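Enquirer: Numbering (the UniProt record's numbering), first residue to last: 1 to 288. Glycine included, every Cβ here is placed at the ideal spot set by N, Cα and C. All values derive from a computational prediction rather than experimental measurement.
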Amino acid sequence: MAGEFVEETEGPAGDEWEDLDVSDDESDRIARRQDREFESFLKRLKDADQFKVQEGAFDDATFAALYKLVQDGHLAAFGGPISTGKEANVYEAAAPEGDDVAVKVYRINASNFQHMRDYLEGDPRFEGIRGDKKAVVLAWTRKEFANLQRAHDAGVRVPDPVAVQRNVLVMELIGEATDPAPTLHDVTLENPETAYDVVREYMQRLFSAGLVHGDLSEYNIVVHDGELTIIDVGQAVTVHHGNAEEFLRRDCENVASFFSRQGVDVDPGDLFEHVTDVDADPSGDADA
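Next up, the structure:
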């Protein structure tokens with residue numbers, strides 16, 4: 001139970017009570033207005049190969065969200081897809097200053113959000129919107145942005161969040177667009193003990209900041225320029241979530257299983273105790 005897992009307090013660890021506004025925003029208004037400038041932008045994007053998705057997966061309001069991000073100075077040019085999935089696609093893009101960024105676009109009409117239910121139930125931000133797919137997607141996108149911000153502020157290496165608009169999330173691109181950073185699963189670790197220490201430190205920093213990743217494994221930790229970066233934090237829950245302990249124990253099992261196969265002596269129970277030791281010194285070298 002949540003109350004047994006961590007004492008409920010005010011402050012950063014309790015902002016799961018923060019309201020998420022998923023009502024119509026400027027993107028929806030732009031899409032409805034269909035001004036000439038947006039219509040031209042919409043035609044260019046719909047004609048671009050990287051946005052030709054099956055069954056019209058991106059609605060006009062999604063394209064309007066991209067348009068708004070361009071207007072707000074977060075995006076300047078789009079590249080090709082980096083990854084595609086059932087619920088979201090990730091694209092390469094360029095910021096106005098020339099830096100590469102990643103643009104994650106959740107599809108409103110994605111057919112299966114069953115896997116989200118365990119992460120949504122018990123979180124007051126999602127009360128009353130479980131039957132509304134659009135509202136769930138918009139809230140989920142904002143939740144991922146907020147989780148990235150909190151993890152970053154806690155000293156966890158995650159993609160730096162840049163902006164969020166409707167169902168579109170802009171963040172730092174890890175690796176190169178033509179050569180995405182590999183996951184832990186895809187590399188041979190020269191020093192798995194050091195890598196494990198980094199992951200353990202990141203897990204503790206997340207927990208100290210009031211978050212549990214909830215789906216941590218070798219498949220969503222990437223390696224780039226000698227650093228480990230945790231990705232896919234959309235499902236991360238606060239420590240007061242009713243399933244937080246279950247999710248954290250599963251994370252510990254996954255991490256322990258992977259590093260045990262790399263020859264590191266890891267016990268999932270010991271890892272759990274270390275991560276939840278809020279009195280431990282949070283400082284330390286978290287470079288791989």
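1) Enumerate, from N- to C-terminal direction, the unbroken beta strand (DSSP E) stretches of 3 or more residues contained entirely within the stretch 117-191.
2) For P81, report the span of its alpha helix (DSSP H) as first-last.
3) Where do the ends of the beta strand (DSSP E) carrying D100 lie?
4) Answer with buried or exposed for T188, where buried requires no fewer than 16 other C-beta atoms within 10 angstroms of its C-beta.
5) Where does A256 fall in DSSP's three states?
6) Indicate the three-state DSSP secondary structure (helix, strand or coil) for E218 in the structure shown.
7) Are there 16 or more other CB atoms within 10 angstroms of the CB of E218, so buried, or fewer, so exposed?
8) Which one or two residues does DSSP pair with residue 291 in a beta bridge?
9) Find out if the Cβ-Cβ distance for the pair E245, R157 is shorter than 8 angstroms.
10) Is the separation between the beta-carbon of I231 and that of P159 shorter than 8 angstroms?
11) Does the stretch 266-278 come close enough to the stretch 197-211 to have 3 or more Cβ pairs within less than 8 angstroms?
12) With distances taken between CB atoms, is the gap from residue 301 to P161 smaller than 8 angstroms?
13) Mind checking if A146 is an interface residue toward chain B, Cβ cutoff 8 angstroms exclusive?
14) In this structure, does DSSP put V223 in helix, strand or coil?
15) Mind checking who T238 pairs with in its DSSP beta bridge?
16) Beta-carbon separation of I221 and N167 under 8 angstroms?
17) Once DSSP output is grouped into helix, strand and coil, what is the label at E92?
18) CB Y106 to CB V70, shorter than 8 angstroms?
19) Using the three-state DSSP reduction, which class does D273 fall into: helix, strand or coil?
20) Kindly indicate which three-state DSSP category V266 falls into: helix, strand or coil?
Expert: Once the coordinates are examined:
1) 161-165 and 168-172, all fully within the stretch 117-191.
2) Within the sequence shown, numbered from 1, the residue matching residue 81 stands at position 81. That residue, P81, is in no alpha helix (DSSP H); its beta strand (DSSP E) goes A77 to T84.
3) Position 100 of the sequence shown, counted from the first residue, corresponds to residue 100. Counting along the chain, the beta strand (DSSP E) containing D100 begins and ends at D100 to Y106.
4) Sequence index remark: in the sequence shown, residue 188 carries index 188 (1-based). Exposed is the call here.
5) Residue numbering aside, residue 256 sits at position 256 when the sequence shown is read from its first letter. DSSP places A256 in helix when its eight states are reduced to three.
6) For the purposes of this step, residue 218 is identified with residue 218 of the sequence shown, where counting begins at 1. Coil at E218, not helix or strand.
7) Sequence index remark: in the sequence shown, residue 218 carries index 218 (1-based). By the neighbour-count criterion, in which a residue is buried when 16 or more other Cβ atoms sit within 10 angstroms of its Cβ, E218 is buried.
8) Within the shown structure, residues of the chain are numbered from 1 to 288, placing residue 291 beyond reach of any answer.
9) What you label residue 245 is simply residue 245 of the sequence shown in a count that begins at 1. What you label residue 157 is simply residue 157 of the sequence shown in a count that begins at 1. Judged by beta-carbon spacing, R157 lies beyond the 8 angstroms limit of E245, meaning their Cβ atoms are not closer than that value.
10) Along the sequence shown, one-based indexing puts residue 231 at 231. Along the sequence shown, one-based indexing puts residue 159 at 159. Remark: C-beta atoms of I231 and P159 approach each other more closely than 8 angstroms.
11) Result yes; three or more Cβ-Cβ pairs closer than 8 angstroms.
12) In the structure displayed, the chain extends from 1 to 288; residue 301 sits before or after that span and is not available.
13) Of the chains in the structure shown, none is chain B; there is only one protein chain.
14) Numbered from 1 along the sequence shown, position 223 holds the residue referred to as residue 223. Correct three-state label for V223: strand.
15) By 1-based counting over the sequence shown, the position of residue 238 is 238. As computed with DSSP, T238 is found in a beta bridge with L211.
16) For the purposes of this step, residue 221 is taken as residue 221 along the sequence shown, with counting starting at 1. For the purposes of this step, residue 167 is taken as residue 167 along the sequence shown, with counting starting at 1. Using a Cβ distance threshold of 8 angstroms, I221 and N167 do not count as a contacting pair.
17) Within the sequence shown, numbered from 1, the residue matching residue 92 stands at position 92. The DSSP-derived three-state label of E92 is strand.
18) Here residue 106 is taken as the residue at index 106 of the sequence shown, counted from 1. Here residue 70 is taken as the residue at index 70 of the sequence shown, counted from 1. No, the Cβ-Cβ distance between Y106 and V70 is not below 8 angstroms.
19) Translated into positions along the sequence shown, residue 273 becomes position 273. Rather than Asp, the amino acid found at residue 273 in this sequence is Glu. In this structure, E273 counts as helix in the three-state DSSP scheme.
20) Position 266 of the sequence shown, counted from the start, is the residue given in the question as residue 266. The three-state secondary structure of V266, taken from DSSP, is coil.
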